[in-house]
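Report on the structure given below.
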Amino acid sequence: MIINYDKSIKKNAWKPKYLRNSIRAFVSGGSICLFGQILLKLYELAGFEKEETGSLMIVTLILIASLLTGIGVFDKIGQWAGAGSLVPVTGFANSMTSAALEYKKEGLVLGVATNLFKLAGAVITFGVVSAYILGMLRYLIENFVL
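The numbering used here runs 1178 ahead of the 1-based position in the sequence shown.
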């Protein structure tokens, strides 16, 4: 009996459910953004200036995501929601908090401080570099093309 391994692998391989995952990411990411918008309005109604409400909303989302990471709930949300929970600022808070929790047994300086940006460092670097490139492009277009 000859076994065709290629056919067997294709038949039994795990196939991602792209549509389901996309819908979950869209709904969960949209829900996080909706919650952030509700926080903005609540802070405005509480009497804060419009310029302050954005910072307060981000700090609140980071605090909630960090607390959920600390008690182990954010990982379950992330498994269900996929990129929908990782793309907003909550994903950044999760990466920072999980790195801090993972290395806390090695001490504050050699553990937490040196490994805190291990996961988030790439995100920060990409953000800074892409902002620089886009800023330069905008400057060149506005001053030399238009």
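No residue lacks a Cβ here, since even glycine has one placed at the ideal position from N, Cα and C.
Keep in mind it's a predicted model, so treat the numbers as computed, not measured.
C-alpha of Ala1243 to C-alpha of Leu1315: approximately 34 Å in a straight line. Around the beta carbon of Pro1194, fewer than 16 other beta carbons lie within 10 angstroms, which makes this residue exposed.
Contact check for Ala1277 against Ile1240 fails: the beta carbons are separated by 8 Å or more.
For a cut-off of 8 Å, the C-beta gap from Gly1214 to Met1235 is around 5 Å, short enough to register as a contact. Of all alpha-carbon atoms in Lys1228, Met1274, Ser1209, Gly1305, the one lying nearest the alpha-carbon of Thr1292 is that of Met1274. Around the C-beta of Gly1207, 16 or more other C-beta atoms lie within 10 Å, and the residue is accordingly described as buried. Glu1320 and Gly1313 have their C-alpha atoms spaced approximately 11 Å apart. Contact between the stretch 1194 to 1204 and the stretch 1244 to 1264 is present: three or more C-beta pairs spanning the two stretches fall below 8 Å. Spanning the alpha carbons of Glu1284 and Leu1294 requires a straight line of approximately 12 Å.
Between Leu1279 and Lys1219, the alpha-carbon positions lie close to 33 Å from each other.
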